[in-house]
Structure formats: C-alpha cells, structure tokens
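These notes concern the structure reproduced below.
In our numbering, the protein residues as written are 8 to 558.
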C-alpha cells in the first residue's frame, strides 16, 4: 500500500488548492485522488463550452434531485464536475464571494476564526484581480488580491442588452456597484469571472498545474473512492477503484490525515459508505456502524431559480451567435484573442437587492444574459433572439439531505434539497420575480423587448407566478451544507471550526459541504477561500492578521 502524509479525496475547487498548498514546502507527501479523467476537453477551456458540459457523460457526475412539490414532481439535474478542477472546470465562470454578513453569521454560529475579517485575507491570498483586458490590477486593495494563483477578471465584453438591463435596474432603485466582491455587495454590475486570456481559470489551471511537477505530489485520476479505512476511531487511508466500476481495487494510506474534498454530495456519501453517519440509515443500508454522526448528509441547501425569458428585437443575442452559422465569426474572434461570446461567463450581469426595503442586507439576486434557454435550463439555447433574467433567494431557509440509495459506492445517492419548502423562501422569490418582470418591462429595455415567453403575460397573480416555478425552476448549481461546520454540542453539525470530523481522528472535510449557512453567492470563490484557510489549519500555520473594517 502506498503511503503519503496527506490523502485528498477529490481534485475539485478545494482539492486542487489543498494539493498545491500542502505540498508547497516540500516537507510533506501528498496524494490527490480524482474519480474523473484529466481536464483535457476543449469544452472545459473555452468558457462558453460549459453548455456542452451540463450533461457530459464523462466529465459530469450527472446527479438528479428527487421530485418534490415545488419542482412540480420533476427530478432536477444537478451537474457536478468529474475531472481535475471538479465543478470549477464545468461551472459558469462567475466569481462571487458573498455578503460579509454571511461569514459573520458563520462565526456567530460558533465557528471561531470564520468571520468576514478572518476570511477576507484568504480571499485575497487566492486571487489576482485584473481589469477586463487582464493587463493590470483593478480593485480596492483592502479587499482584492494582487499575487494569488487564481486570476479574476472583469467582463470586457459589453452588450447593449446588458447595458439596458443595468439601466432598467437603476430605474427600479438599484444602484450600480463598482465591485460586488468589495466594500459593498448591493447593486448591479457586469460580472467578474474566472477567465484569463480567453480561457477558463479553474482551480486545476490556477493551483494544480503549477504544482504537478513537484516530486512530493502524486495525482491519480480515474480513482473512484469507495470507502475510508478506519482503525477504531482513526481514519488511516482510502479504498478506491482505479478505473471506476469494474476497475482494480487499491488502497492508499495517510500518515497524518485524510481530507475529503469530494463536494457537497460525494463527501457525505463516502462517509456514509464507510459507516460514519446516522445509525438508523446505515442499518437500513446494511452498513456496519463505525461512528454515529446523525447529521452527515443533512442541511443540504441550494439556490432555486425560475428564469424569465423574452423574445428580443433590434439586436443580436447569444441565441444567434453561439450556435449555428453565427458561431463561425465568434470562433475567429476567440482564436484572434478578441472579446466575444466564447470568452464570457454564463451570466453577464448580476444585481443584488432586497425583497423588503426595511431589511439590512440584500436577500435576493437577479442575473441577466442576452440569451434564453429551452425549458429555462442553461444547456440548450432557444432558436430565436432572446434574453433571460433569473432570480433566487440568496439565503434559503429550506433544507434537505443527501442519503444513500444503496450500499454500492458506484450508485448515485438520493438528493433532496426540498426547494421552497419554507414559506419565507417563497416570499423572497416572489419579490424577486416581480422585480425581474418590472426590470424586463422597464423603459430602458423597451427598444429591445418583443414578447415575454416565460412565465408569459397571462401569469399575473402571486399564486400564478409561484405555480409557474414548479414547471421551470431549476438549480443554480450552488448546493452546500451537508457536513455542517459548528460546535460538537450542536447536533446539526459534522465538523468543528478546524474542519475536523467530530469524534474521529485523522479526517477533515474541506469543500462546500462544511458551509453552516448558505452564502449570498456562487460557491466557487467561497470554497477556494475555505481551502486556503484549511491549508493553514492542517499545517498548523498562524492565520494572517484579520482585516477589521471601519463601520
């Protein structure tokens, strides 16, 4: 059996960061296991290729939720990356940190060292923030990094529909913001992106590629983890199948720690397969109990969004330029290094706003694209000029779970987010839908607006709007929380504020599953920050000085 100091399960948004940081000083041996293949597909590296990855049979786990009331009995596809870089290799390339109060809430939950002042240095350490052309630093130095591996750029491609949407938001009282990842999140602006020199900036590109040649780092792809090796209450290694189902059974041992970075679905699944979790569920699956921890797989949260769509007049949209004959000149622009539809993120404009003017912070989000999609899902473009506005509640109270369907490590688990189960989520979403419609029908958008396609002009009342969500709502690809971080006495938690699994030695979890509460953002930025902080915790390094902001 091969032995390493650290074994990381999952080469995704967190795992690639950890592999780099833990191997950087050359003192520790590190093994990084990834169930998927290398990140060689051109669809990964051309940013708009994300649409080809939504259902990719090799590079995507292709999970689905269980049907529920607010999905209209539909199973919702849940794409998760299965390649080097994980979901950072198949996502929409949008970089969003969240509201500072998100992280202060983590600290108030009992997680010392996870307030905004504590995590801001790690956000900065991870990134180099550049302008749209990628040529110089752009941002406020208190908040933005200059020397990190992950290059974050402004969107340098402008579109008259996007400008009209921004003006439409302003007409509804939403101000422009220069940097929603800076001093103030609230407002509307073009998105920031993990794209540099026309190519996706995944964590595999940013963190793993510079480290892969280190002699103390071993990366094993097509290594499907099947279980953890326990000696009493200590985790000492990992069982995996090289080549996946039907492949050769292998083991790898950890001298110091095993670190789960498989993500919000795979990390709790592997723990449950190893006998770590709710005793009743494990008994039902016929799995011997190794360690009782009932909250493994619980607290699943996700952003759930309907996508307003409309036909467009007087301008071209992605629907014409990203498919068919219109794609040919865009390919030429990409090859020549010019801005175009192939080098932009999935969504071009973000707006953060409040469902009620009396609340302190934004609780809903609008996102805009000069594109529209069949059935509202970002996989297949419509065949007419179109635009779309998605909206969702940023901090959902509804929560669900990940459970085993069988004891077979190659079977997909049960995923039930319980979208919109809580009335408070429906209330915020309804406010967002009404705001989206007002913006779509605003005067600045009038020159381009032709016809509302979804939900349609006949859908008017609150009940009708909410009912329409059942047929067209979808995940925004931000599941989190299934290995919740918090004090051991809080029985809803799985790991402590050092990310160590309660009651076990030698096992940590570092990915989106540890998020105790949902952040007001896409998750990639927060996961990278978490991995940066985790690397210091694992190596016993002192935390950087907190950045305390004047109120």
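Built from N, CA and C at the ideal position, the CB exists for glycine as well.
Only a predicted model underlies this, so the values are computations on that prediction, with no experimental measurement involved.
Bounding residues of the beta strand (DSSP E) (the contiguous stretch that carries residue i)
| i | result |
| --- | --- |
| residue 194 | 194 to 197 |
| residue 290 | Unbroken run through residue 290 is the alpha helix (DSSP H), 286 to 292; no beta strand (DSSP E). |
| residue 134 | 134 to 137 |
| residue 231 | 230 to 238 |
| residue 50 | No beta strand (DSSP E) holds residue 50; the alpha helix (DSSP H) holding it covers 49 to 52. |
| residue 9 | 9 to 16 |
Inter-residue CB distance, residue i and residue j (contact presumed, cutoff 8 Å)
| i | j | result |
| --- | --- | --- |
| residue 227 | residue 40 | 5 Å |
| residue 527 | residue 489 | With 8 Å as the limit, residue 527 and residue 489 do not qualify as a contact, their Cβ atoms being about 19 Å apart. |
| residue 101 | residue 200 | 6 Å |
| residue 152 | residue 133 | 7 Å |
| residue 559 | residue 315 | Outside the shown range of the chain, which is 8 to 558, sits residue 559, and nothing can be said about it. |
| residue 242 | residue 275 | That belief does not hold up - the Cβ atoms of residue 242 and residue 275 are roughly 15 Å apart, past 8 Å. |
| residue 44 | residue 90 | 6 Å |
| residue 297 | residue 237 | 5 Å |
| residue 350 | residue 211 | No, residue 350 and residue 211 are not in contact; Cβ-Cβ is about 18 Å, not under 8 Å. |
| residue 483 | residue 83 | Not quite, the Cβ-Cβ distance comes to about 11 Å (not below 8 Å), so this is no contact. |
| residue 426 | residue 78 | 6 Å |
| residue 214 | residue 23 | 5 Å |
| residue 397 | residue 13 | Not quite, the Cβ-Cβ distance comes to about 39 Å (not below 8 Å), so this is no contact. |
| residue 269 | residue 470 | Not really, about 40 Å apart at Cβ, beyond 8 Å. |
| residue 534 | residue 20 | 4 Å |
Opposing strand residues paired with residue i [DSSP bridges]
| i | result |
| --- | --- |
| residue 203 | 206 |
| residue 257 | 247 |
| residue 317 | 394, 459 |
| residue 409 | 422 |
| residue 560 | Outside the shown range of the chain, which is 8 to 558, sits residue 560, and nothing can be said about it. |
| residue 376 | 395 |
| residue 298 | 283 |
| residue 77 | DSSP, once it has assigned bridges, lists no residue as partnering residue 77. |
Cβ-based burial, residue i [other Cβ within 10 Å; buried from 16]
| i | result |
| --- | --- |
| residue 32 | exposed |
| residue 158 | buried |
| residue 47 | exposed |
| residue 414 | exposed |
| residue 80 | exposed |
| residue 305 | buried |
| residue 548 | exposed |
| residue 435 | buried |
| residue 343 | exposed |
| residue 332 | exposed |
| residue 392 | buried |
| residue 353 | buried |
| residue 209 | buried |
| residue 290 | exposed |
| residue 324 | buried |
| residue 366 | exposed |
| residue 339 | exposed |
| residue 170 | exposed |
| residue 335 | exposed |
Nearest-angstrom Cα separation, counted from residue j out to residue i
| i | j | result |
| --- | --- | --- |
| residue 478 | residue 257 | 44 Å |
| residue 554 | residue 141 | 26 Å |
| residue 387 | residue 71 | 18 Å |
| residue 202 | residue 485 | 19 Å |
| residue 294 | residue 394 | 49 Å |
| residue 432 | residue 313 | 13 Å |
| residue 492 | residue 505 | 9 Å |
| residue 408 | residue 160 | 35 Å |
| residue 183 | residue 446 | 14 Å |
| residue 562 | residue 402 | This structure cannot settle anything about residue 562, because the visible part of the chain is limited to 8 through 558. |
| residue 498 | residue 308 | 17 Å |
| residue 124 | residue 249 | 42 Å |
| residue 168 | residue 355 | 10 Å |
| residue 472 | residue 62 | 28 Å |
| residue 185 | residue 464 | 34 Å |
| residue 26 | residue 496 | 31 Å |
| residue 412 | residue 112 | 33 Å |
| residue 467 | residue 178 | 21 Å |
| residue 223 | residue 265 | 16 Å |
| residue 206 | residue 230 | 27 Å |
Residue interval of the alpha helix (DSSP H) (run including residue i)
| i | result |
| --- | --- |
| residue 445 | 430 to 447 |
| residue 537 | 531 to 546 |
| residue 305 | No alpha helix (DSSP H) contains residue 305, which is instead part of the beta strand (DSSP E) from 305 to 307. |
| residue 271 | 270 to 280 |
| residue 335 | 334 to 342 |
| residue 24 | 22 to 30 |
| residue 172 | 167 to 178 |
| residue 473 | 469 to 479 |
| residue 113 | 107 to 115 |
| residue 328 | 325 to 328 |
Proximity test, Cβ basis, 8 Å: residue i and chain B
| i | result |
| --- | --- |
| residue 503 | Of the protein chains in this structure there is only one, and it is not chain B. |
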